[in-house]
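**Q** Okay, handing you the structure first.
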Amino acid sequence: MPTTKTRGRAGSALPGVSALLVALAVPLAGCDLNKLLDVPDPAVATPGALEGPQSLPILLAGAQTDFQLAFSGSSGSEGIVNMTGLFTDELHYTSTFPTRVQVDRREITPDNGTMETIHRNLQRARASADRAARAYTQHGPNALGHAEALNLHGFSVILLGESYCSGVPFSTLTAAGTTEFGQPLTTQQMFQAALTSFDQALTVATQAGSAAAAVQQQNLARVGRARALLNLGRFADAAAAAQDVPTSFVYRIFHSENSARQHNAAFSFMYLERRWSVADREGGGLPFRSDNDPRVPWARGTGAQAVGFDESPLYLQLKYPNRSASVVLASGLEARLIQAEAALEAGQANWLTILNDLRANPPAESFPAAQYPGIGGLTPLADPGTQAARVDLLFKERAYWMYLTAHRLGDARRLMRQYGRTQAQAFPTGEWGVWIAAKSGEYGSDVNFPIPLDEENNPHFTQCLDRDP
Amino acid sequence: MTMSNLRWLLATALLLTGLPAAAYAQGGTITGQVVNQDTQAPLSGVQVFVTGTNRGTLTNQEGRFLIPNVPAGQQVVRASLIGFAQGEQRVNVTAGETATVSFSLRTSAVELGGVVVSAVTGQAQRKRELGTNTASINATDLEMAPITKMADVLTGRAAGVTLQGVAGTTGTAQRIRIRGANSISLSNEPLIYVDGVQVSNSTSTGSVGGSGGIGVGGQDVSRLNDLNPEDIQNIEVLKGPAASALYGTAAANGVLLITTKKGRAGTPRWRAYVEGGQLKDVNEYPDVFLSYQVNDPTRPAFTDFGRLNTGGTSPAYRACPNVDAARGLCRQDEVISLDAVRTAPYDPFQTGNRQKYGLSVSGGGDAVTYYLSGDMEDEQGVFSTNRLDKMSLRANMNAKVLSNLDVQVTSGYIKSDLALNSNDNSIFSSIINAMLATPIVPTEEMLAAPTNTVGNRPGTGFGYFPEDLEKIVVFQDVDRYILGSTASYRPLSWLSANANVGLDFFTRWDQRTVQPGELPIAATWTPGQRWAIRSNLYNWTANSSAVATTEPMEDIVSTSTLGVSYNRSLDRNTECFGVGIVVGTNSCSAASSLFSVGEGFAETITVGGFFQQQFGWRDRVFLAGSIRGDNNSAFGQDFGFIYYPGASLSWVVTEEPFFPQTSVLSNLRLRTSYGTSGQRPNFRDAVTLLEPVSVARSGSDVSAVQLSRTGNPDLKPERTTEYEVGFDAGFLQDRLSFDFTYFNKESRDALVARRLAPSFGLTTSQWQNLGSIRNWGTELGVNARVFELPRAALNMRLSASTLDNQIEELGAGVEPIIFNRGNQRHQEGFPTGGFFGQPYTYTDADGNGLLSPSEVRMDTTQFTVIRRTRLDGTEFMDTIPEVFLGRALPTNTQSLSADLTLFRYITLSTLFERRAGMYTLNDTERFRCATGFNRVNRGNCPAVSDPNASLDDQARFIAARFLGTTSGYVEKADFIKWREFSVTLGAPEQLSRNLRALQGASLTLSGRNLATWTDYTGVDPEINETGGSSNFTQGEFNTQPPVRYMTIRLNFTF
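This is the structure in structure tokens:
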């Protein structure tokens, strides 16, 4: 064997290790590890960067963009306008995705992925508006933006109440970052919560003065209040809330060609995706096409839009003819319709007068003649004579005036809840898919949307408290 | 560990130690030659080293070596080369003098002589020192193989390494899985180093991080295939944490150590080749069918759109699918079919072609060696719009700057221009337009009809003939530089320092332009449109280490390594899109509508330190332990360093005196190893972020923010711990070798996207360290020199592996993660990405050979009992109606390769591969049947429209369409593939003697993707519609299967 050669420190268990440490100590001792790992991220902002009064406009804009996404969608996802239209008799489905077919057939499962996005977007709109409103409370309680944030919060809650089953929770991420799981709210509680928001908004907007912007927010709060009260069945209060809103008032959710996120989903999913079509007497519903009412303009698609994805005929709505078409969230027209309904419910004769006034003088702010040819030619309505027929007429007027504005589902539910109509009288019923031979089946029995399965991560939640209208 | 702690530690070490005052005594020199014992031919590239020191070198082209500064005294010198048994000599070295020692190495099928160079420490370790089974792929394995891209190099050549060639489109990516899959959320791709430089293997056609980009329906592009196989000297595969613990927070999925060719001292050696060949799609595609009832034969059966004429109040024809015929709702008066994919005008395929040319030179002197190469590659795919043009340049240099300082500089440049067509889930796919076609050839009248426009082509699935789709092509141009430099300094005979720095940089330009009027299908297409993404990706690597090699006592060699490691990856991109461009231009600048721009950014940094201690006893027992600590910018702010320990033991038993020396068992090594490594979260996973967006307000757009991520400040890396045990054995004088390994690894703290309750109004999920996944299996390698006769020699290699895989834990309250259209899920207690579905039964009660919907029923007698955990941690048993159908990953694989040499000049090589135990989703057929049923022709697959379709086929369609379960389309995907075959004719020596400059020449005829044997009913069991970047999604959806390559190649050396 070779003689033993000892190198390094004789007798050391790990000879040379100390020298290795020395070799590395010099270059490392000068390093600042935290600095080495500090990665700037110029493309995004963190929540901490949005504190103080200067952040209020950006938080409000965030609430607006979240509301737009939830309400009238984008090129990437439908909004509640699309889905309530599909669920009711406003639209039928001309594609094959099972999750949307479930909506059109009124048999939605809680694990429906498309509907999960719809619900999340609506909850995000609510939370985002709430976050903005809380920031205003802290840094600018009297600013007009505060009123707008509260209004958007109120409308988010109304849309949740009108669209979903009883039992939607509102959870909170506190400013400290802790989570507070919400308790399920009944449908009535949701409308009450919306009412509270609108009350606060009206107070702030009234205190802000009488400038046009302030009046705009006041009227938005009034229409919101009236809609919440109508849902609560407080017709007289609803009429009182609506009475000061001028018919010319309109508050729109705007879209833009600027980015896919800002596109109008009612346009995109119909014109470009060819997945939706204007319905006509769907499941015994209203004749949106065959009535040829100027308030619901439509056209048979041609060329690339001739048929839907399922090769059935495609009928295009003309209300939102491009990606940047805005959608009316609230209007003086709706205020008049609420007053008309309250009058009808109270047995007052002026209900028909209100409706015919609207027909005679359609508000140009909502229905410009250039886009709605024939809008000036609406003839006066005659009293059908019975209360039930009057209700039908009123709700038909609401459906045509407010086609594809996320009112139809709330109305169908109210018809059942407040007027005792059957499901078959309020929702599409019977054979589904009659627009193409390849589709078949029966409509289901849902009268509202279920809450997505993911909510079961909330320990207070199990599922809908009930599926009643 | 805080920064102050680190400084304190280092400063203390500095004070308590001091540079040893060991004198650098003058030594002697050892020189000599290494030859092949059988042929006496010199062997180059042999590692010759003096044990117990850091003195060593590689032999030159003449097999000669020279080791200066060897300490005086008796020394043990060893020579080691893969494919040969190790040689050992003792020599007396006298100061100032030269001692000579020579080696004659015996060939061996036992791979103990190979060397693995660590990309982190820079140390070269012989395989006998390692406690792990490290697979090697060498240049000699590839010389005759039909290699078209880097992925081919890895396919079927290493046990436990599975390459899934997910599509046959030229330039598209593959999936690499080594010993299964560790993560359900993060990448399962291995870490890749080229000459010590960590390189990107991102799979994406688009922007950073593998997301976004210009999609082509499913496939994406792999950066691995940028590398030029011609430049590869060898690839070492570290298969898991047991081998890769020192690589830290990125190495949980294994490491590929790619070493490019280097020069050897000697006269310049030139090598040139020219290669050409053809690509053909030879796959069998299913026919399209249509059955219908004729009500009025006087009217045309088909409309101008090529659809059955079913319109009007009294339709002349009625589509009569089997399910309607079964119920007596209609008559199947006519049943027509067509092989549409192979019929004009639907047939999209052409014969592709391929050319490649290369030239390299290597050589140098004792001080400097070099390797220079250049290659040009041009592949035209089987689609007219699919093409790859690539150029590769490489310059490597090794220099002995001082007698104790070696420097290596490696540099590679790749220019790649790729054109990609759409396939898979895209209406712009020629395949989907043919697979959903009406089974008719469009008539002259249909073609002349005014309705015959782009987007409305008669008979096609979605309105497009192949020539229409030539207008919509995605281009990806890449310029890539891989630069590295390594220095090895040996200030003392026992102390060396290694350092390497490197940069992998590529700039990528993805673009798609549709010229005005070329695709007049909608307002967003007719005026033309432009989409472009420019990305720059940087990946910096720096490692530094010091190695002390000593003999603290007799027969024991101690090797201590201490070092630091740094890695930074940075992606930046900008993107533009716009509609309405100027004819002939390719610029967003002129866009008249829908103009948008975007910027992307991602950066991660890893800083680590490591220490490794190895003891070797008499060069036959090796015990090592190591620890690495890492911190990473992607960890949560409340998480600090993470530590990865490792240990290994290797024992060459047959070299023990007590072991009986027999001719039967000539070599036996036992080994075991243990290690932990990690996988970092992705960029931004740990932080709550607000993403800038814009919102329209009353006619103008303003800036806003949107919550884009709900962060987790406690986020930490996934941590995978593995142990393996095994042996290497040589029989019959090492003519036959076996290596066997059992491994078992578990990933803890696996990232799971916990779904957040929607009522918070936050994002959909938050990353949390919740899961645990286990992979275990075996690997077997058999290498046999079956016979070596003067006129014939046969070598055979068998690689086999088994794999089992299970999700141990998914986290309390976490629902199963369901994907791939509901067919796959990550379910606790089952394999990752397992296929689940609701079972059904059927009975042809009336015996008419046609099933009606009522004859197919859900099978509610079968269900699955699962364990679930509530949010509060309590467990309960639950049942789900779905049953486990099968795994996504193969449970056993085998590959068999053989080289038969005849008359010294003729070599036949082949490679077969078998995979079994995995399932796949035949979504092509599901879509043709179940979704196609919703269209006018009512589906065009056999199950719907061919009355001779099997009952099984009819039943799965009915189950999918009427019962909502697609489990019938989840199919067993076992296959055997004949991957490679080649015949090489070497030039006779006489030719070389006559042409003095010519040292060698050969002609190789080869084929790739030659045959597939499978029971799978789809087009190919291996393809995947979601490309190489998808972690577990497995299934075909109008995906292009691999094509057959037939090539001819001429090689010259001079």
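Taken in sequence, the protein lines are chains W and P. The first sequence begins at 8 in the working numbering and counts up by one. The second sequence begins at 3 in the working numbering and counts up by one. Positions of the beta carbon are idealized from the N, C-alpha and C atoms, including for glycine. Source: prediction; values computed, not measured.
1. Just to confirm the assignment: which complete beta strand (DSSP E) runs, minimum length 3, are found wholly within the region 232-286 of chain P?
2. Should LEU21 (chain P) be labelled buried (16 or more other beta-carbon atoms within 10 Å of its own) or exposed?
3. Quick check: the region 228-248 of chain P against the region 146-155 of chain P, are at least 3 beta-carbon pairs closer than 8 Å?
4. Would ARG307 (chain W) pass as an interface residue toward chain P - the criterion being a Cβ-Cβ separation below 9 Å?
5. So, at 6 Å on beta carbons, what are the nonlocal neighbours of ARG108 (chain P) in its own chain, with the 5 sequence-adjacent residues on each side left out?
6. Let me know the secondary structure DSSP gives GLU520 (chain P) once reduced to three states.
7. Alpha carbon to alpha carbon, how far is VAL168 (chain P) from ALA175 (chain P)?
8. Per DSSP, what kind of secondary structure is LEU388 (chain W) in: helix, strand or coil?
9. Figure out for me which residue from P:THR305, P:GLU90, P:MET393, P:SER375 has the closest Cα to the Cα of GLU2 (chain P).
10. Grouping DSSP H, G and I as helix and E and B as strand, with all else coil, what is LYS129 (chain P)?
11. For ASN464 (chain W), go through chain P and note every residue whose CB falls closer than 8 Å to its CB, in chain order.
12. Please report the straight-line C-alpha distance between ASP377 (chain P) and GLY360 (chain P), rounded to a whole angstrom.
13. Taking contact to mean 3 or more Cβ pairs, one atom from each stretch, closer than 8 Å, check whether the region 446-457 of chain W and the region 320-334 of chain W are in contact.
14. Taking the alpha-carbon positions, what's the LYS263 (chain P) to SER595 (chain P) distance?
15. Pick helix, strand or coil for HIS126 (chain W), following the three-state DSSP scheme.
16. Shorter than 9 Å from the beta carbon of PHE177 (chain W) to some beta carbon of chain P?
17. Do we get a CB-CB distance below 9 Å when we pair HIS126 (chain W) with the residues of chain P?
18. Any Cβ of chain P within less than 9 Å of the Cβ of LEU460 (chain W)?
19. Which partner residues does VAL784 (chain P) have in the DSSP bridge list?
20. Use the C-beta contact count for LYS42 (chain W): other C-beta atoms within 10 angstroms, 16 or more gives buried, fewer gives exposed.
21. Relative to the C-alpha of TYR407 (chain W), which residue among W:SER173, W:SER373, W:PRO391, W:PRO60 is closest?
22. Between which two residues does the alpha helix (DSSP H) holding LEU359 (chain W) run?
23. Does the Cβ of TRP769 (chain P) have 16 or more other Cβ atoms within 10 Å, making it buried, or fewer, making it exposed?
24. Just to confirm the assignment: which complete alpha helix (DSSP H) runs, minimum length 4, are found wholly within the region 245-291 of chain W?
25. Where TYR294 (chain P) and GLY448 (chain W) are concerned, what is the direct C-alpha to C-alpha distance, given to the nearest angstrom?
26. From ALA24 (chain P) to SER495 (chain P), what does the alpha carbon distance come to, in whole angstroms?
27. One question on the structure: do PHE188 (chain W) and SER767 (chain P) come within less than 9 Å of each other, judged by their Cβ atoms?
28. Does any residue of chain W have a CB that is nearer than 9 Å to the CB of ARG699 (chain P)?
29. Is there at least one Cβ from chain P nearer than 9 Å to THR10 (chain W)'s Cβ?
30. For PHE276 (chain W), decide whether its Cβ has a neighbour in chain P, counting only Cβ atoms nearer than 9 Å.
31. Consult DSSP for GLN768 (chain P) and reduce its assignment to one of helix, strand or coil.
32. Which partner residues of THR412 (chain P) appear in the DSSP bridge assignment?
33. Going along the region 494-525 of chain P in order, which residues come within less than 9 Å of chain W, judged by CB to CB distance?
34. Does the beta carbon of GLY162 (chain P) sit closer than 9 Å to a beta carbon anywhere in chain W?
35. Of the residues P:LEU812, P:ARG737, P:ALA244, P:ALA137, which one's Cα is nearest the Cα of LEU873 (chain P)?
36. Per the DSSP calculation, VAL337 (chain P) is bridged to which residue(s)?
**A** In this structure, then:
1. 234-240, 257-262, 268-282
2. Since pLDDT at LEU21 (chain P) reaches only 35, below the 50 mark, its modelled position is unreliable, and no value is offered.
3. yes
4. no
5. GLN39, ALA87
6. coil
7. 7 Å
8. coil
9. Beyond the ends of chain P as shown, which are 3 and 1056, falls residue 2 (chain P); an answer cannot be given.
10. helix
11. ARG756, ARG757, LEU758, ALA759, GLY815, LEU873
12. 4 Å
13. no
14. 52 Å
15. helix
16. yes
17. yes
18. yes
19. P:PHE740, P:LEU800
20. exposed
21. W:SER373
22. 357-367
23. buried
24. none
25. 22 Å
26. Model confidence at ALA24 (chain P) stands at a pLDDT of 37, short of 50, so the residue's coordinates are unreliable; what they give is reported in the following sentence. Going by the C-alpha atoms only, they are around 10 Å apart.
27. no
28. yes
29. Its pLDDT being 33, under 50, THR10 (chain W) is placed unreliably in this model, and the value from its coordinates should be taken loosely. At least one chain P Cβ lies under 9 Å of THR10 (chain W).
30. no
31. strand
32. P:ASN398, P:GLY486
33. LEU494, SER495, TRP496, LEU497, ALA499, PRO522, ILE523, ALA524, ALA525
34. no
35. P:LEU812
36. P:SER293
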